[in-house]
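*Asks:* To convert, note that position 171 of the sequence shown is 200 in our numbering; the numbers rise steadily by one, no gaps.
Here a beta-carbon is modelled for each residue, glycine too, at the ideal position from N, C-alpha and C.
Predicted model, so just to flag it, every value in this text is computed and none were measured.
Quick one: the structure is below, questions incoming.
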Amino acid sequence: FQTSPLGSLSIPGPLYSVRVLQVGFNTPNPDGSVHADGSVTLVSGGPLTVLVDTGGPWLRPHLPELLAAQGLTPDDVTHVVVTHGHSDHVGNINLFPDATVLVGFDLSRGRGHYLPHGLASGVPLVLHPGHLRVTPTPGHTRAHVSLVASGTSLGTVAVAGDAFERREDEGEWRALSEEPAEQRRSRRRLVALADVIVPGHGEPFRVLREWGDGEDPRGDEEEEEEEEEDVRPGGG
30 FQTSPLGSLS
40 IPGPLYSVRV
50 LQVGFNTPNP
60 DGSVHADGSV
70 TLVSGGPLTV
80 LVDTGGPWLR
90 PHLPELLAAQ
100 GLTPDDVTHV
110 VVTHGHSDHV
120 GNINLFPDAT
130 VLVGFDLSRG
140 RGHYLPHGLA
150 SGVPLVLHPG
160 HLRVTPTPGH
170 TRAHVSLVAS
180 GTSLGTVAVA
190 GDAFERREDE
200 GEWRALSEEP
210 AEQRRSRRRL
220 VALADVIVPG
230 HGEPFRVLRE
240 WGDGEDPRGD
250 EEEEEEEEED
260 VRPGGG
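This is how it looks when you write it as structure tokens:
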């Protein structure tokens with residue numbers, strides 16, 4: 030497959046729009062340390078208001094400001110999807126105590142009410158049928174997930190966390206992966222279904238699919254069963 034820069038942080042849609050509130054980054058320092066934070070993405074416009082990843086705890090003073098710029102407060106967020114449990118993605122979930130919160134494979138609604146689901150068995154979690162679903166994308170961590178938004182003006186958008194570090198990340202993602210073989214399969218599934226990918230540490234990019242004979246993995250996604258969650262906007 031090939032990719033190209035999207036050139037925008039906002040993808041409108043007739044129902045749900047996708048907007049990257051913070052572009053994640055990952056910058057090595059000469060002393061071997063890394064300066065990093067994860068992308069923070071808002072999916073809104075329909076009956077649900079979903080925040081995908083929350084950045085690190087150092088973003089806490091600024092995250093409400095990022096939401097306010099979109100006319101929202103933390104209380105307006107009905108669902109928080111954290112792609113995995115690393116500190117630069119999960120650092121501010123306590124701003125949303127009444128939301129439905131998914132951290133990897135841990136799903137809770139409101140204040141400590143945990144819910145069953147089938148993500149660990151490969152079953153996507155449907156948030157809004159036909160529009161929003163969470164799909165398991167293990168590899169970077171064993172319980173990594175991605176949010177898939179269908180029907181935007183650019184087609185299907187996958188908010189992929191660290192399944193993709195950034196566009197053209199082939200030289201680096203394996204070193205950060207708990208299970209590289211699983212992550213490669215997850216990446217191929219995302220490329221097969223998405224027109225746009227929002228990576229964990231870079232700007233959104235378009236996907237241009239070019240598969241050789243016998244290489245198209247789209248059947249993997251089409252064969253998955255789906256599990257629907259009760260998505261009443263009240264959250265708590």
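(1) Would G85 pass as a contact of S62 if the rule is Cβ separation under 8 Å?
(2) Just to confirm the assignment, what range does the alpha helix (DSSP H) spanning D117 have?
(3) Okay, do the region 144 to 160 and the region 89 to 98 touch, 3+ Cβ pairs below 8 Å being the bar?
(4) Just to confirm, are H157 and G75 a CB contact at a threshold of 8 Å?
(5) Mind checking which residues open and close the beta strand (DSSP E) that includes Q51?
(6) Taking 7 Å as the limit between beta carbons, can you name the residues of its chain near F134, skipping five residues before and five after?
(7) Tell me the DSSP bridge mates of N55?
(8) Give the DSSP-derived three-state secondary structure of Q31 in the structure shown.
(9) Is the separation between the beta-carbon of Q212 and that of H142 shorter than 8 Å?
(10) Could you give the C-beta distance for V227 and V186, rounded to a whole number, given that I count them as a contact under 8 Å?
(11) Per DSSP, which residues does G184 bridge with? Please list them.
(12) Please classify S33 as buried or exposed, where buried requires at least 16 other C-beta atoms within 10 Å of its C-beta.
(13) Does DSSP put S206 in a helix, a strand or coil?
(14) What is the DSSP secondary structure of P86, reduced to helix, strand or coil?
(15) Could you tell me whether the Cβ atoms of V110 and A178 are closer together than 8 Å?
(16) Which residue's Cα is closest to the Cα of D66: L237, H230 and G180?
(17) Take S137 and list the residues in its own chain whose beta-carbon comes closer than 6 Å to its own, dropping the five residues that flank it on each side.
(18) Let's see if you can read the secondary structure: which residues bound the alpha helix (DSSP H) around P165?
(19) The beta strand (DSSP E) with L77 in it runs from where to where?
*Replies:* For this structure:
(1) What you label residue 85 is simply residue 56 of the sequence shown in a count that begins at 1. What you label residue 62 is simply residue 33 of the sequence shown in a count that begins at 1. Annotated as distal: G85 and S62, with beta-carbon spacing of 8 Å or more.
(2) Along the sequence shown, read from residue 1 onward, the residue named residue 117 stands at position 88. Per DSSP, the unbroken alpha helix (DSSP H) holding D117 starts and ends at S116 to V119.
(3) They do not touch, by the three-pair rule.
(4) Translated into positions along the sequence shown, residue 157 becomes position 128. Translated into positions along the sequence shown, residue 75 becomes position 46. Contact flag set, yes.
(5) One-based indexing of the sequence shown puts residue 51 at position 22. Unbroken beta strand (DSSP E) run through Q51: S46 to Q51.
(6) Taking the first residue of the sequence shown as 1, we reach residue 134 at position 105. Taken in chain order, the residues that qualify are L148, A149 and A172.
(7) Counting from 1 along the sequence shown, the entry for residue 55 is found at position 26. Partner(s): A65.
(8) Here the question's residue 31 lines up with position 2 in the sequence shown. Reduced to three states, the DSSP call for Q31 is strand.
(9) For the purposes of this step, residue 212 is taken as the residue at position 183 of the sequence shown. For the purposes of this step, residue 142 is taken as the residue at position 113 of the sequence shown. No, the pair does not count as a contact, with Cβ atoms beyond the cut-off.
(10) Locating residue 227 in the sequence shown gives position 198, counting from the first residue. Locating residue 186 in the sequence shown gives position 157, counting from the first residue. So it is a contact: roughly 7 Å between Cβ atoms.
(11) Residue mapping note: residue 184 aligns to position 155 of the sequence shown, counting from 1. Under DSSP, G184 shares a beta bridge with T181.
(12) Here residue 33 refers to the residue found at position 4 of the sequence shown. That one is exposed.
(13) Indexing the sequence shown from 1 puts residue 206 at position 177. Three-state result, S206: coil.
(14) Here residue 86 is taken as the residue at index 57 of the sequence shown, counted from 1. Correct three-state label for P86: helix.
(15) Residue 110 sits at position 81 when you count from the first residue of the sequence shown. Residue 178 sits at position 149 when you count from the first residue of the sequence shown. No, Cβ-Cβ distance for V110 and A178 is not below 8 Å.
(16) Against the sequence shown, residue 66 aligns to sequence position 37. The shortest C-alpha separation from D66 is found at H230.
(17) Indexing the sequence shown from 1 puts residue 137 at position 108. Excluding positions up to five away in sequence, the list reads V130 and Y143.
(18) Here residue 165 refers to the residue found at position 136 of the sequence shown. Membership of P165 in any alpha helix (DSSP H) is not indicated; the residue belongs instead to the beta strand (DSSP E) covering L161 to P165.
(19) Start at 1 with the first residue of the sequence shown, and residue 77 comes out as number 48. Here L77 belongs to no beta strand (DSSP E), and DSSP marks it neither H nor E.
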